[in-house]
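Okay, so the sequence shown: first residue is 28 according to our numbering, each after it adds one. Reading through the structure tokens given below for one structure.
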Amino acid sequence: MNNKKNGIYAQILKYTGLFGSIQGLSILTGVIRNKVMAMMLGTQGMGMMSLLNCAVSFLSLATSLGLSFSAVREIAAYNDNGDIKGLERCATSIRAWSIVAALLGALACIVTCKWIDKLTFTWGDHSLHYLLLSPAIVIMAVTAGETAILKGMHRLKAMAVVQLTTALAALAVTVPLLYLFGESAIVPIIFLIALSTMLATIFYSYSTVRPKWKSFLVPLHKWRALLANGAPMVKLGMAFVSATIMGSGSEFVIRAFLNVETGLDTVGLYNTGYLLAITYAGMFFSSMDSDYYPRLSAVNGNIHKVNEVLNNQAEVLVLLVAPAMCVYILSLPLIVPLLFSDKFIEAVPMAQAASLTMVFKSICLPISYVMLAKGDSRTYVFLEALSYIYVVAGVVLGYKYGGLAGTGIGLTVAYACELTVNTVTLHLRYGMVLHHKLIRYISILFPLTLSAYASTLIPQDAWKWGFGISIAVIATVYSIRTFKTNL
28 MNNKKNGIYA QILKYTGLFG SIQGLSILTG VIRNKVMAMM LGTQGMGMMS LLNCAVSFLS
88 LATSLGLSFS AVREIAAYND NGDIKGLERC ATSIRAWSIV AALLGALACI VTCKWIDKLT
148 FTWGDHSLHY LLLSPAIVIM AVTAGETAIL KGMHRLKAMA VVQLTTALAA LAVTVPLLYL
208 FGESAIVPII FLIALSTMLA TIFYSYSTVR PKWKSFLVPL HKWRALLANG APMVKLGMAF
268 VSATIMGSGS EFVIRAFLNV ETGLDTVGLY NTGYLLAITY AGMFFSSMDS DYYPRLSAVN
328 GNIHKVNEVL NNQAEVLVLL VAPAMCVYIL SLPLIVPLLF SDKFIEAVPM AQAASLTMVF
388 KSICLPISYV MLAKGDSRTY VFLEALSYIY VVAGVVLGYK YGGLAGTGIG LTVAYACELT
448 VNTVTLHLRY GMVLHHKLIR YISILFPLTL SAYASTLIPQ DAWKWGFGIS IAVIATVYSI
508 RTFKTNL
């Protein structure tokens with residue numbers, strides 16, 4: 028039993044490192060792309076690229092039926108039971124629903140292109156740009172279904188290769204096309220990046236579960252039966268989509284509030300701080316969809332195994348994230364001028380405070396996946412809605428009483444509230460609890476991370492760096508010794 032647990036720790040570390048490294052490479056290529064785009068397009072071109080990308084992402088998400096997430100649960104269950112015929116039927120149903128999602132996405136893009144243009148641009152007619160992006164939305168829908176098959180089959184190395192290929196393809200496509208065609212290349216770039224992702228994905232998914240094309244060449248009444256098989260999967264997927272849309276809405280509310288209160292400069296600084304603290308630091312969670320969720324889905328019928336998988340994942344994440352955040356919080360004043368410029372140094376206090384949220388997120392995120400693995404869509408949507416209320420309230424109150432740095436503190440308080448509510452819900456609804464070992468790790472490592480943040484408030488540089496580095500070393504040594512004990 029001890030050896031089995033040691034193996035689970037090793038597996039989680041392995042794939043967290045693998046996907047985290049690839050996520051880090053994706054971030055690096057993204058930084059290079061942003062610098063190239065800034066040089067070649069200027070602020071106006073960058074703004075257009077951002078708006079078009081956001082619109083495509085939103086339309087793709089809203090019409091995707093959540094297949095890239097919900098279908099994983101179904102595939103993982105058949106794969107774990109060794110039911111080959113059931114697996115093939117499930118894959119065919121996923122691919123059928125992917126076609127439906129693709130058609131919905133294209134239709135939504137065609138119908139709403141003029142409305143989105145009026146909403147996003149105050150000059151000219153850009154509806155043709157949005158219209159020409161409908162093929163990209165179709166491609167993204169197909170990719171979502173095939174990605175779910177790879178995740179459910181636990182083809183983690185294939186997923187890693189796909190992510191790496193996409194990151195490199197995005198860089199390879201962007202630079203020459205912008206150099207040759209400037210702003211005119213924006214739409215083709217978005218399409219080609221989506222296409223490269225799809226081709227890399229289907230290369231592996233088709234070899235994993237071969238598509239049965241004859242299943243789609245059937246009368247309408249048989250298509251209905253084919254789609255009916257995936258109805259529960261789509262229901263869960265729509266819950267995931269609803270929660271994600273609420274998240275996008277909460278981010279819009281926050282940015283609108285900051286813009287009204289002070290202006291676009293504050294919005295830009297908040298975006299930078301959020302990018303540094305939440306997006307970049309989030310590379311530790313990049314393996315959750317690909318490794319943790321399929322493992323959780325495979326045992327969703329056994330509450331004791333679900334509890335074990337949850338606690339193992341959270342333990343490893345806390346031990347990884349806490350010392351990393353200690354170092355990251357201290358390093359942010361040095362990192363920001365390198366990644367951006369001295370103009371963004373005002374975002375550092377906010378990013379340092381918001382980095383504390385990562386310790387809470389190390390537990391909140393694994394808990395959220397339990398609801399999805401159990402197919403408990405109502406509880407998942409309810410808790411996600413509450414979490415976005417906490418975030419909006421935390422940022423608004425934080426800014427009113429502490430300025431930009433206060434928004435980072437507000438985010439941390441919001442995640443602390445989310446962790447408390449989710450943990451209580453987990454126990455009341457499923458009878459699951461956080462293990463004593465995990466609670467011990469949190470009670471030791473979070474105060475150390477908080478102390479690292481407190482060191483940044485010390486005015487004297489010698490005391491600041493001396494105290495901060497000492498805390499980071501203590502947290503790192505504790506985590507390493509704990510891993511050695513468990514591995």
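Don't be surprised by glycine CBs; every beta carbon is placed ideally from N, CA and C. Every value quoted in this text rests on a predicted model; they were computed, and no experiment measured them.
For M180, which three-state DSSP category applies? It is coil, neither helix nor strand.
Excluding the five sequence neighbours on either side, which residues of its own chain have a C-beta within less than 8 angstroms of the C-beta of F311, listed in chain order? T43, G47, L344, L347, V348, A351, M385, S389
Within its chain, find whatever has a CB closer than 8 angstroms to the CB of V63; leave out the 5 residues flanking it on each side and keep chain order. T201, V202, L205
Measuring straight from C-alpha to C-alpha, what distance separates L357 and A168? Spanning the two alpha carbons is a distance of roughly 41 angstroms.
Name the residue from A212, T139, M265 whose alpha carbon lies nearest to the alpha carbon of A128. M265 is the residue among A212, T139, M265 whose C-alpha sits nearest the C-alpha of A128.
Would a C-beta distance cut-off of 7 angstroms place G309 and A381 closer than the cut-off? In this structure, G309 lies away from A381, with their beta-carbon atoms at least 7 angstroms apart.
Rounded to whole angstroms, what is the Cα-Cα separation between T452 and Q487? 44 angstroms
Check whether the segment 91-102 touches the segment 112-126, taking contact to mean three or more Cβ pairs, one atom from each stretch, closer than 8 angstroms. As far as the Cβ criterion goes, the segment 91-102 touches the segment 112-126, which means the pair count is three or higher.
Return the CA-CA distance between L413 and Y426, expressed in angstroms with no decimal places. 20 angstroms
Helix or strand or just coil, what does DSSP make of Q190? helix
How far does the alpha helix (DSSP H) with M236 in it extend, from its first residue to its last? The residue you asked about is not Met; residue 236 is Val in the sequence shown. Counting along the chain, V236 falls outside any alpha helix (DSSP H), and DSSP gives it neither H nor E.
Sub-7 angstroms separation of V165 and A133 beta-carbons: Yes. Within cutoff.
Less than 8 angstroms between the CB atoms is what I'm expecting for T483 and Q379, so what's the real figure, rounded? 6 angstroms
Ordered along the chain, which non-local residues of its own chain (more than five positions away) have a Cβ less than 8 angstroms from that of V333? L323, V326, N327, V397, A400, K401, Y457, M459
Which residue marks the beginning of the alpha helix (DSSP H) containing Q379, and which one marks its end? 375-381
Below 8 angstroms on the Cβ atoms is my contact criterion, and I expect A499 with C353 to pass it. Report the Cβ-Cβ distance as a whole number of Å. 4 angstroms
Would you mind giving the Cβ-Cβ distance between V419 and V280, rounded to the nearest angstrom? I have them listed as a contact below 8 angstroms. 6 angstroms
Could you give the distance in angstroms between the alpha-carbon of Y36 and the alpha-carbon of Y157? 46 angstroms
Just tell me which of R116, Y233, I213, H331 has its CA closest to the CA of L254. R116
Of the residues K41, L130, L195, R237, which one's Cα is nearest the Cα of T56? L195
Go through its chain and collect everything with a Cβ distance to I501's Cβ below 8 angstroms, but skip five positions before and after it. L475
E411 classed as buried or exposed, judged by whether at least 16 other C-beta atoms fall within 10 angstroms: buried
Anyone know if the C-beta pair for S97 and M260 falls short of 7 angstroms? A contact, by the Cβ cut-off of 7 angstroms.
Terminal residues of the continuous alpha helix (DSSP H) containing S358? 330-366
Measure the CB-CB distance between V408 and S269 and report whether it falls below 7 angstroms. V408 is a Cβ neighbour of S269, given a cutoff of 7 angstroms.
Hey, would you say T193 sits closer than 7 angstroms to T224, going by beta carbons? yes
Integer-rounded CB distance, given that N339 should sit under 8 angstroms from I39: 7 angstroms
For F218 and S53, the rounded distance between their alpha carbons: 18 angstroms
What does a CB cutoff of less than 7 angstroms around G429 pick up in its chain, not counting 5 residues either side in sequence? The answer, listed in chain order, is I436.
So, at 6 angstroms on beta carbons, what are the nonlocal neighbours of F473 in its own chain, with the 5 sequence-adjacent residues on each side left out? V386
Taking Cβ to Cβ, would you say W124 is nearer than 7 angstroms to L94? W124 places its beta carbon less than 7 angstroms from that of L94.
Is the CB of V348 under 7 angstroms away from at least one CB in chain D? Protein chain content of the structure displayed is limited to a single chain, and chain D is not contained in it.
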